[in-house]
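Engineer: Before I ask anything, here is the structure I am working with.
Chains as they are written, first to last, in our numbering: chain A, 23 to 389; chain B, 23 to 389.
See below:
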């Protein structure tokens with residue numbers, strides 16, 4: 023992309039911002055200005071406030087959140103351009119079954135990175151809390167040392183009641199962490215389910231953390247996740263567990279032979295580490311850096327991020343289409359009644375959907 | 023519901039059918055008439071053809087599929103009313119990790135039921151095949167005996183490329199199997215992920231099948247699924263495995279103490295069976311019948327089915343909203359360009375979504 027095209031791009035962004043609200047006309051709200059200032063100064067309080075802002079569902083605040091994000095994405099684009107299209111941060115996704123020791127790993131790995139002078143942000147995606155309401159463990163309890171580390175920022179994801187919501191704010195939170203100068207953004211998924219599939223669309227490197235032990239069942243269960251993984255970490259490779267860890271390492275190495283590679287430039291390695299002794303963590307970091315370099319140089323990283331931005335667009339589109347529909351006055355008025363008729367078996371679900379949709383499309387007028 | 027209300031309901035259904043296409047005006051297409059006739063005669067070929075019809079994405083065929091379903095749902099409503107609101111079939115959902123022996127269980131359980139003079143349909147939901155393309159094993163290979171049984175009908179779910187599609191046609195396939203006189207409809211999920219969450223919204227009884235063995239990890243992994251389960255089956259309880267099966271049975275029984283009950287009238291039991299020897303299968307069936315009776319008499323079954331119809335409506339609404347949007351001429355024309363700008367970082371995903379949505383809402387005119 024030439025500088026000229028970039029300038030054109032920025033111009034377009036401004037046009038787009040004014041398109042969604044003609045009243046704004048490019049003026050930046052004082053709150054947004056304050057947050058931008060705080061973020062670029064690397065203030066944790068501003069980062070926390072910004073993430074809370076993008077998680078809001080309040081219409082006025084949503085507008086401000088959009089303004090904040092548009093500015094940040096715009097500036098990120100310039101920074102990346104000036105850095106020769108090198109990404110501002112390294113986004114690492116972490117997944118794995120409960121008992122794999124993900125928290126202990128993040129604690130050890132995070133401390134290792136901050137010890138090297140890096141700033142580390144940890145975001146948590148926890149869709150399992152949708153049903154039970156609230157995380158199983160507070161993040162501060164899970165990572166006591168890292169949460170006291172001034173170079174680290176730990177933020178649990180809110181459970182907004184449905185996956186879409188959780189997914190949505192995580193994408194934004196990553197961008198905000200980058201703006202606040204965090205070099206490494208770790209996105210951790212808790213629980214099984216769809217969350218891994220969302221997180222893989224947000225990160226540069228998707229990692230599966232597994233414990234030693236765990237039988238064939240576990241391996242079978244993880245087939246879908248292995249296909250998505252760029253790296254497998256066998257955790258708890260210490261003391262009595264070393265030989266079990268080696269065994270599972272070999273199992274995963276041979277399992278990968280039968281799994282199609284995500285990219286030509288990288289064959290997912292399986293590494294053993296100990297979060298307790300720290301063994302293997304420096305080597306693991308070397309592997310990650312090697313991955314980043316290869317993906318960067320081959321253009322694969324840029325390609326992946328491009329597709330991720332597209333997936334992000336679709337998350338928005340789907341959410342907004344449904345929200346706009348539900349909040350449309352005629353639909354809002356009818357919905358409960360139609361739902362009741364469907365529940366009573368008076369209307370078939372398909373007919374009801376067609377009817378509501380037709381009502382909606384007929385009633386919408388140019389605003 | 024009184025007979026009067028039912029009549030009113032039927033009248034409304036007809037109104038709704040004519041609402042979605044004024045050309046139809048209540049006349050039933052000859053193909054639909056033929057399929058209805060075949061289904062009510064219990065013809066397998068008609069059932070297969072009907073399921074293929076509801077899986078279509080062709081607009082003209084979609085219209086016929088809708089007509090078929092509206093008629094079937096309408097008649098089901100009358101039949102259920104005449105039977106004193108007893109459901110036409112018993113819908114059983116099956117989930118469990120690979121290696122639990124789900125196929126072998128369905129084979130043994132299905133043969134047991136057909137031996138009792140019942141007609142059994144087996145539907146498979148397999149979202150894992152979305153990525154790899156195609157099921158791991160053909161269903162005929164997985165259940166050789168049952169697939170030759172004339173009282174059984176086995177149908178794999180198509181992988182339409184996204185979960186919504188798979189989910190959608192499964193709901194319809196259940197209703198079609200019921201129309202064709204199948205007393206038991208088994209809906210099996212393959213692979214982990216979101217599929218369990220969809221299937222629980224379609225069945226009367228949600229069952230988790232587990233193998234003996236399987237450590238603590240497995241149990242932790244299944245927490246979300248246990249919350250959804252009405253019954254747990256420990257399979258392979260035979261020969262050397264009996265004591266391991268007993269151990270895991272006790273583990274699950276105690277684990278259920280900490281899980282909130284789905285309904286007041288039922289505490290999920292954990293039963294051991296052997297699909298090879300057939301041990302425990304008659305007792306398992308008694309437990310299932312007991313569940314059905316308790317749920318029926320307490321009104322919980324009707325309540326659950328009511329909510330499921332509502333979930334089904336929402337599946338349709340979401341799908342249709344997105345399809346209508348994507349296929350709208352102005353959007354269709356612009357989408358690729360906007361997607362490209364988002365990928366290039368010229369437009370932020372949020373701004374792009376707002377822009378497209380505004381274009382859409384402004385351009386839609388009464389049709």
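In this text, a Cβ means the ideal position worked out from N, Cα and C, and glycines have one as well.
1. For the 8 Å Cβ check, are there 3 or more pairs between the region 352-359 of chain B and the region 249-263 of chain B?
2. Give the secondary structure of residue 259(A) by DSSP, where H, G and I count as helix, E and B as strand, and everything else as coil.
3. Nearest CA to the CA of residue 283(A): which residue from 309(A), 253(A) and 258(A)?
4. Could you tell me how far apart the beta carbons of residue 372(A) and residue 328(B) are, in whole angstroms, since I believe they sit closer than 8 Å?
5. In chain order, what residues of the same chain have a beta carbon less than 6 Å from the beta carbon of residue 306(A), not counting five sequence neighbours either side?
6. Can you give me the start and stop residues for the beta strand (DSSP E) that residue 130(A) sits inside?
7. Compare the Cα-Cα distances from residue 380(B) to each of 301(B), 234(B), 196(B) and 350(B) and report the closest residue.
8. On the three-state DSSP scale, how would you describe residue 56(B)?
9. Strictly below 7 Å CB to CB, what residues from chain B border residue 344(A)?
10. Looking at chain B, is there any beta carbon in it that lies within less than 7 Å of the beta carbon of residue 334(A)?
11. Sort 98(A), 135(A), 164(A) and 196(A) by Cα distance to residue 308(A) and report the nearest one.
12. To which residues of the same chain is residue 417(A) closer than 6 Å at the C-beta, ignoring the five residues directly before and after it?
13. Could one say the Cβ of residue 271(A) lies closer than 7 Å to chain B's Cβ atoms, at least one of them?
14. Measuring only the C-alpha atoms, how far is residue 55(B) from residue 74(B)?
15. Using 7 Å as the limit for Cβ to Cβ distance, is residue 367(B) near chain A?
16. Quick one: is residue 119(A) buried, meaning 16 or more other Cβ sit within 10 Å of its Cβ, or exposed?
17. Can you pull the chain B neighbours of residue 1(A), defined as C-beta to C-beta under 7 Å?
18. I'd like the span of the beta strand (DSSP E) that includes residue 298(B), first residue to last.
19. Do residue 230(A) and residue 114(A) have their CB atoms nearer than 7 Å?
20. Work out the CA separation of residue 137(A) and residue 370(B) for me, nearest whole Å.
21. At a CB-CB cut-off below 7 Å, which residues of chain B make contact with residue 99(A)?
22. Helix, strand or coil for residue 63(A)? Go by DSSP, reduced to three states.
23. Quick check: residue 61(A) and residue 201(A), are their CB atoms within less than 7 Å of each other?
24. Just the Cα atoms here: how many angstroms apart are residue 77(A) and residue 192(A)?
25. Evaluate residue 49(A) with the Cβ neighbour count: other Cβ atoms within 10 Å of its Cβ, from every protein chain shown; 16 or more gives buried, anything less gives exposed.
26. Step through the CB atoms of chain A and report whether any lies within less than 7 Å of the CB of residue 198(B).
27. In chain order, which beta strand (DSSP E) runs of at least 3 residues are fully inside the region 72-119 of chain A?
28. Mind listing which residues of the region 115-137 of chain A have their C-beta closer than 7 Å to chain B's C-betas, in chain order?
29. Is there a Cβ from chain B that is less than 7 Å from the Cβ of residue 54(A)?
30. Would you report the Cα separation of residue 97(B) and residue 171(B), rounded to the nearest angstrom?
31. Residue 141(A): which of 233(A), 333(A), 273(A) and 174(A) sits nearest, CA to CA?
32. Do you know whose CA, among 68(A), 100(A), 132(A) and 194(A), lies nearest residue 164(A)'s CA?
33. Closest by CA to residue 234(B), which one among 264(B), 223(B), 195(B) and 206(B)?
34. Can you give the beta carbon distance from residue 128(B) to residue 145(B), rounded, assuming they're within the 8 Å contact cut?
35. Consider the Cβ of residue 374(A): report whether some Cβ of chain B lies at a distance smaller than 7 Å.
36. Please list, in chain order, all residues of the same chain as residue 167(B) whose beta carbon is under 8 Å from its beta carbon, the five residues on each side excluded.
Structural biologist: Concretely, from the data shown:
1. Contact fails: fewer than three Cβ-Cβ distances are below 8 Å.
2. When secondary structure is reduced to three states using DSSP, residue 259(A) falls in the coil class, being assigned neither helix nor strand.
3. 253(A)
4. Rounded, the Cβ-Cβ distance is 17 Å, inconsistent with contact.
5. 293 and 295
6. Where residue 130(A) is concerned, there is no enclosing beta strand (DSSP E), although the alpha helix (DSSP H) it sits in stretches over 124-137.
7. 350(B)
8. Taken through DSSP and simplified to helix, strand or coil, residue 56(B) comes out as helix.
9. Residues of chain B with a Cβ closer than 7 Å to the Cβ of residue 344(A) are, in chain order, 340 and 343.
10. yes
11. 135(A)
12. The displayed coordinates of chain A run from 23 to 389. Any statement about residue 417(A) would go beyond what the structure contains.
13. no
14. 16 Å
15. yes
16. A residue is called buried once 16 or more other Cβ atoms fall within 10 Å of its Cβ, and residue 119(A) is buried on that count.
17. As shown, chain A starts at 23 and ends at 389. That puts residue 1(A) outside it, with no answer to give.
18. Per DSSP, residue 298(B) belongs to no beta strand (DSSP E) and is neither H nor E.
19. No. Outside cutoff.
20. 34 Å
21. 367
22. coil
23. Cβ distance < 7 Å, so residue 61(A) and residue 201(A) count as in contact.
24. Our two residues, residue 77(A) and residue 192(A), have alpha carbons roughly 9 Å apart in a direct line.
25. exposed
26. Chain A, which has no Cβ nearer than 7 Å to the Cβ of residue 198(B), makes this no.
27. 112-117, all fully within the region 72-119 of chain A.
28. 119, 120 and 121
29. no
30. 28 Å
31. 174(A)
32. 132(A)
33. 264(B)
34. Wrong, their Cβ atoms sit about 11 Å apart, outside the cutoff.
35. True, the Cβ-Cβ gap to chain B drops below 7 Å.
36. 129 and 133
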